[in-house]
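*Asks:* Protein chains in written order, with the UniProt record's numbering: chain A, 1 to 219; chain B, 1 to 219.
Backbone N, C-alpha and C define an ideal beta-carbon position, used for all residues, glycine too.
Before anything else, here's the structure in question.
Protein chains: 2
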Amino acid sequence: MRLVIAKCSVDYIGRLTAHLPLATRLLLIKADGSISIHADDRAYKPLNWMSPPCRLEELEGQWRVVNKAGEELRITIEDILHDTSHELGIDPGLVKDGVEAHLQELLAAAPETLGPGFTLVRREYMTAIGPVDLLCRDGAGATVAVEIKRRGEIDGVEQLTRYLELLGRDPLLAPVTGIFAAQEIKPQARVLAEDRGIRCVVLDYNALRGVQKDELTLF
Amino acid sequence: MRLVIAKCSVDYIGRLTAHLPLATRLLLIKADGSISIHADDRAYKPLNWMSPPCRLEELEGQWRVVNKAGEELRITIEDILHDTSHELGIDPGLVKDGVEAHLQELLAAAPETLGPGFTLVRREYMTAIGPVDLLCRDGAGATVAVEIKRRGEIDGVEQLTRYLELLGRDPLLAPVTGIFAAQEIKPQARVLAEDRGIRCVVLDYNALRGVQKDELTLF
DNA sequence: TGGTCAATGTCGGGT
DNA sequence: ACCCGACGTTGACCA
Numbered sequence: 001m002r003l004v005i006a007k008c009s010v011d012y013i014g015r016l017t018a019h020l021p022l023a024t025r026l027l028l029i030k031a032d033g034s035i036s037i038h039a040d041d042r043a044y045k046p047l048n049w050m051s052p053p054c055r056l057e058e059l060e061g062q063w064r065v066v067n068k069a070g071e072e073l074r075i076t077i078e079d080i081l082h083d084t085s086h087e088l089g090i091d092p093g094l095v096k097d098g099v100e101a102h103l104q105e106l107l108a109a110a111p112e113t114l115g116p117g118f119t120l121v122r123r124e125y126m127t128a129i130g131p132v133d134l135l136c137r138d139g140a141g142a143t144v145a146v147e148i149k150r151r152g153e154i155d156g157v158e159q160l161t162r163y164l165e166l167l168g169r170d171p172l173l174a175p176v177t178g179i180f181a182a183q184e185i186k187p188q189a190r191v192l193a194e195d196r197g198i199r200c201v202v203l204d205y206n207a208l209r210g211v212q213k214d215e216l217t218l219f
Numbered sequence: 001m002r003l004v005i006a007k008c009s010v011d012y013i014g015r016l017t018a019h020l021p022l023a024t025r026l027l028l029i030k031a032d033g034s035i036s037i038h039a040d041d042r043a044y045k046p047l048n049w050m051s052p053p054c055r056l057e058e059l060e061g062q063w064r065v066v067n068k069a070g071e072e073l074r075i076t077i078e079d080i081l082h083d084t085s086h087e088l089g090i091d092p093g094l095v096k097d098g099v100e101a102h103l104q105e106l107l108a109a110a111p112e113t114l115g116p117g118f119t120l121v122r123r124e125y126m127t128a129i130g131p132v133d134l135l136c137r138d139g140a141g142a143t144v145a146v147e148i149k150r151r152g153e154i155d156g157v158e159q160l161t162r163y164l165e166l167l168g169r170d171p172l173l174a175p176v177t178g179i180f181a182a183q184e185i186k187p188q189a190r191v192l193a194e195d196r197g198i199r200c201v202v203l204d205y206n207a208l209r210g211v212q213k214d215e216l217t218l219f
């Protein structure tokens, strides 16, 4: 990893055109060849960047980065104030807990959370337009499609609606009802869902984890 | 801006929980108080970060970053290999060209691109569920809602469908037809749109710019 | 490779 | 502060 503080201007010509006027910035060159240009604010986002795979051609006062798609970053260097390189090695990577996949896992292990007598048919039930998070049967044996979100918003309701429309045409499954399950459901999403006859269920991650733990202690 | 290369492990407790095992990484501390932790790959995304506003408390071998929402980043420092600070000043900021706003601007100036006799009623026509990109009238005087995208995908069709449903209930506007206009329209989005009676129009950014330029030269 | 979806999405604008 | 939509979204996963 190479860290360069430089007075520079930048032009990007690719999916759009963008220009950065002359100023002092951080140029962050990584071992995979990627480069990002940071100002002294916004933790997350560089002002400009080029993702790998790409190639950096370093000329006098003019750096040029190009990728396969023909996108180009042109960095005009006025002055270099700092230039150091550091050996970092391969990172062991990030371990996450609490994302949607875990909610799905926990709910698949405890479908009765959604209603009495609920049983799981399949997780990630494939359809032509994408996978349904959970396919269940309710206490009466009717098919229920479940869309799981961390935060339930309108997009999620639309997604579930598309699945319901498709699944409802399958005579082996019809009639199919829907459940929109999330840790938090935005009011507008709830209105839209209920207007379409989709039941909303608010999930408690810790409680679900507790349920699973209790079940584990049975063995 | 402060650049630290350190052997560290990191824990994030917030919207989710995440852990980074011990390794050498870049800690990027910006003037606005934000911090991001980078490995030697992936141009764009840090492994971990905290967005401003947040506060960094620096103890012996243990950094702690917290924000208003109670999210926390705990950085355990094993060894510091590099530590420099640099004055960057305020960045003049990025100038973009070719984003959706420009497409909308150009199309608003040349509504006849969408069909003979088309006229503009309003850009960003407000509704209860959000702004319609363009509201037009066709050659026969009927209302047309136009959704503009750089890349037309299913989400955009859903969005336009919601607007059409709402606008169609307004007796002053009804009946309302829809146009899905984009520089590129994905096949699945086209199928969905046309299935719902929405016309698809592929836009040529350069041609549109040409039209506008021609009009400008008339004056 | 292309399609679909999640994300600690981030960011900006309007109400 | 909430809501909504764009983003060079990025990134992962699966057919």
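With 16 other CB atoms within 10 Å as the buried threshold, where does Gly178/A fall?
*Replies:* Gly178/A is buried by the Cβ-count criterion.
*Asks:* Which chain B residues are close to Lys30/A, counting only those with a beta carbon under 7 Å from its beta carbon?
*Replies:* Chain B residues near Lys30/A: Asp40, Asp41 and Ala43.
*Asks:* I need the straight-line Cα distance from Gly57/A to Thr76/A, nearest angstrom please.
*Replies:* In the sequence as presented, Gly is not what sits at residue 57/A; that position holds Glu. Distance between the alpha carbons of Glu57/A and Thr76/A: 12 Å.
*Asks:* Give the secondary structure of Tyr44/A by DSSP, where H, G and I count as helix, E and B as strand, and everything else as coil.
*Replies:* Coil at Tyr44/A, not helix or strand.
*Asks:* Suppose the cutoff is 6 Å on Cβ atoms and the five residues either side in sequence are ignored; what does the same chain contact list for Ala174/B look like?
*Replies:* Excluding sequence neighbours, Ala174/B sits near Gly168.
*Asks:* Taking Cβ positions, are Thr119/A and Pro131/A nearer each other than 7 Å?
*Replies:* No, the Cβ-Cβ distance between Thr119/A and Pro131/A is not below 7 Å.
*Asks:* Taking Ala39/A as the reference, give the member of Thr113/B, His86/B and Asn67/B with the closest Cα.
*Replies:* If we check each option's Cα against that of Ala39/A, His86/B comes out closest.
*Asks:* Using a C-beta to C-beta distance shorter than 8 Å, which residues of chain A count as neighbours of Asp79/B?
*Replies:* What Asp79/B touches in chain A: nothing, since even the nearest Cβ is about 13 Å away.
*Asks:* Once you ignore the five residues that flank Ile154/B on each side, which residues in its own chain have a CB closer than 8 Å to its CB?
*Replies:* For Ile154/B, where only same-chain residues beyond five positions count, the Cβ hits under 8 Å are Lys186, Gln188, Ala189 and Leu192.
*Asks:* Please report the distance separating the alpha-carbon of Thr17/B from that of Glu71/B.
*Replies:* In a straight line, the C-alpha of Thr17/B is about 10 Å away from that of Glu71/B.
*Asks:* Hey, quick one: how far does the beta strand (DSSP E) through Val157/A stretch, first residue to last?
*Replies:* Careful: Val157/A lies outside any beta strand (DSSP E), inside the alpha helix (DSSP H) at Ile154 to Leu167.
*Asks:* Kindly say whether residue 224/B, judged by its beta-carbon, lies nearer than 7 Å to any beta-carbon of chain A.
*Replies:* Only positions 1 to 219 of chain B appear in this structure, which leaves residue 224/B out of reach.
*Asks:* Pull up the DSSP beta-bridge partners for Ile37/A, would you.
*Replies:* For Ile37/A, which the question treats as bridged, DSSP gives the partners Leu27/A and Asn48/A.
*Asks:* Rounded to whole angstroms, what's the CA-CA distance from Arg151/A to Gly141/B? Just pull it up for me.
*Replies:* Going from the Cα of Arg151/A to the Cα of Gly141/B covers about 42 Å.
*Asks:* Going straight from the alpha carbon of Leu59/B to that of Thr113/A, what length do you get?
*Replies:* For Leu59/B and Thr113/A, the distance between alpha carbons rounds to 44 Å.
*Asks:* Taking its Cβ as the centre, do 16 or more other Cβ atoms sit within 10 Å of Gln159/B, making it buried, or is it exposed?
*Replies:* Gln159/B comes out buried.
*Asks:* Could you check which residue in Ile37/B, Gly33/B, Tyr12/B and Gly98/B has the C-alpha nearest to that of Thr24/B?
*Replies:* Out of Ile37/B, Gly33/B, Tyr12/B and Gly98/B, Ile37/B has the C-alpha closest to the C-alpha of Thr24/B.
*Asks:* What are the boundary residues of the alpha helix (DSSP H) that Val191/A is part of?
*Replies:* Its alpha helix (DSSP H) spans residues Pro187 to Asp195.
*Asks:* For Val121/A, which residues from the same chain have a beta carbon less than 7 Å from its beta carbon, with the 5 sequence-adjacent residues on both sides left out?
*Replies:* Closer than 7 Å at the Cβ level, and outside the excluded window around Val121/A, lie Leu135, Cys136 and Arg137.
*Asks:* Leu106/B lies in the beta strand (DSSP E); which residues open and close that run?
*Replies:* Looking at the DSSP string, Leu106/B is not in any beta strand (DSSP E); the run it does join, the alpha helix (DSSP H), is Glu100 to Ala109.
*Asks:* Per DSSP, Asp21/A is paired with what?
*Replies:* Note that residue 21/A is Pro in the sequence shown here, rather than Asp. In the DSSP output, where bridge partners are listed per residue, Pro21/A has none listed.
*Asks:* Taking just the CA atoms, how far does Leu20/B sit from Asn48/A?
*Replies:* If you take the alpha carbons of Asn48/A and Leu20/B, they lie about 26 Å apart.
*Asks:* Hey, would you say Val146/B sits closer than 7 Å to Leu164/B, going by beta carbons?
*Replies:* No, they are not a contact pair.
*Asks:* Buried or exposed, going by whether 16 or more other CB atoms sit within 10 Å of the CB of Leu172/B?
*Replies:* Answer is exposed; the Cβ neighbour count stays below 16.
*Asks:* By DSSP's criteria, Arg15/A is part of a beta bridge. Which residues make up the other side?
*Replies:* According to DSSP, Arg15/A bridges with nothing at all.
*Asks:* Which value, in whole angstroms, describes the spacing of the CA atoms of Arg209/B and Gly117/B?
*Replies:* Arg209/B and Gly117/B: Cα-Cα distance of roughly 20 Å.
*Asks:* At a Cβ cut of 8 Å, what residues of the stretch 96-109 of chain A count as close to chain B, listed as they run along the chain?
*Replies:* Going along the stretch 96-109 of chain A in chain order, one finds Lys96, Asp97, Gly98 and Val99 with a Cβ nearer than 8 Å to chain B.
*Asks:* Please list, in chain order, all residues of the same chain as Asp204/A whose beta carbon is under 8 Å from its beta carbon, the five residues on each side excluded.
*Replies:* So the list reads Gln183, once near-sequence residues are dropped.
*Asks:* Here's a check: name, in chain order, each residue in its chain whose Cβ is nearer than 7 Å to the Cβ of Ser9/B, leaving out the five neighbours to either side.
*Replies:* Closer than 7 Å at the Cβ level, and outside the excluded window around Ser9/B, lie Leu20, Pro21, Leu22 and Thr76.
*Asks:* Please identify, using Cβ separations under 8 Å, the residues of the stretch 7-20 of chain B that lie next to chain A, in order along the chain.
*Replies:* Those would be Arg15, Leu16, Thr17, Ala18, His19 and Leu20, in chain order.
*Asks:* Taking all protein chains shown into account, decide if Ala128/A is buried (16 or more other Cβ within 10 angstroms of its Cβ) or exposed.
*Replies:* Exposed, because fewer than 16 other Cβ atoms sit within 10 Å of the Cβ of Ala128/A.
*Asks:* Starting from the C-beta of Gln62/B, find all residues in its chain whose C-beta is less than 8 Å away, skip the five residues before and the five after it, and write them out in chain order.
*Replies:* Cβ within range, chain order: Arg74, Ile75, Thr76 and Ile77.
*Asks:* In whole angstroms, what is the alpha-carbon distance linking Arg199/A and Lys149/B?
*Replies:* Rounded to whole angstroms, Arg199/A to Lys149/B spans 32 Å at the Cα level.
*Asks:* Considering only DSSP beta bridges, list what Lys149/A is partnered with.
*Replies:* Answer is Ala182/A.
*Asks:* Apply the 10 Å Cβ neighbour rule to Met126/B and answer buried if 16 or more other Cβ atoms are within range, or exposed otherwise.
*Replies:* That one is exposed.
*Asks:* Return the CA-CA distance between Ile90/A and Asp41/A, expressed in angstroms with no decimal places.
*Replies:* Cα to Cα, the separation comes out at about 27 Å.
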